[in-house]
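> Numbering (our numbering), first residue to last: 1161 to 1271.
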């Protein structure tokens, strides 16, 4: 009840003194501004562990496990159906994937 963990792009940066009403954890993902967004800049920051490629990553704990990844995968599949199939729902559609591992097997759960 007296410490707060600080995470930056999924990396623990420190455990700081706090109080019982403070958050237990503060999470931020490495944002890159356009002046420092070349491929070389990204590679340098990635090598230092202060940035990551930002898709459905686990930089934030809200995306870890079925509760976050299944939600994101479901939205991705629904939007692909809207864009490429011209449908509002995927009922009656067969979805075949090779993505059966990692992130709690989100693709078969979402599809």
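Even for Gly, the Cβ is constructed at its ideal location relative to N, Cα and C.
Would you please state the rounded distance, in angstroms, between the beta carbons of residue 1192 and residue 1206? I believe it to be under 8 Å.
Going by Cβ atoms, the distance from residue 1192 to residue 1206 rounds to 10 Å, so no, they are not a contact pair.
> Please tell me whether residue 1283 and residue 1194 are closer than 7 Å, where the distance is taken between their beta carbons.
In the structure as shown, the chain starts at 1161 and stops at 1271, and residue 1283 therefore has no counterpart that could be examined.
> Determine the burial state of residue 1188: buried for a count of at least 16 other Cβ atoms within 10 Å of its Cβ, exposed for fewer.
Label assigned to residue 1188: exposed.
> Between residue 1167 and residue 1177, what straight-line distance do the alpha-carbon atoms span, to the nearest angstrom?
C-alpha separation (whole angstroms): 15 Å.
> From which residue to which residue does the beta strand (DSSP E) around residue 1168 run?
Counting along the chain, the beta strand (DSSP E) containing residue 1168 begins and ends at 1163-1168.
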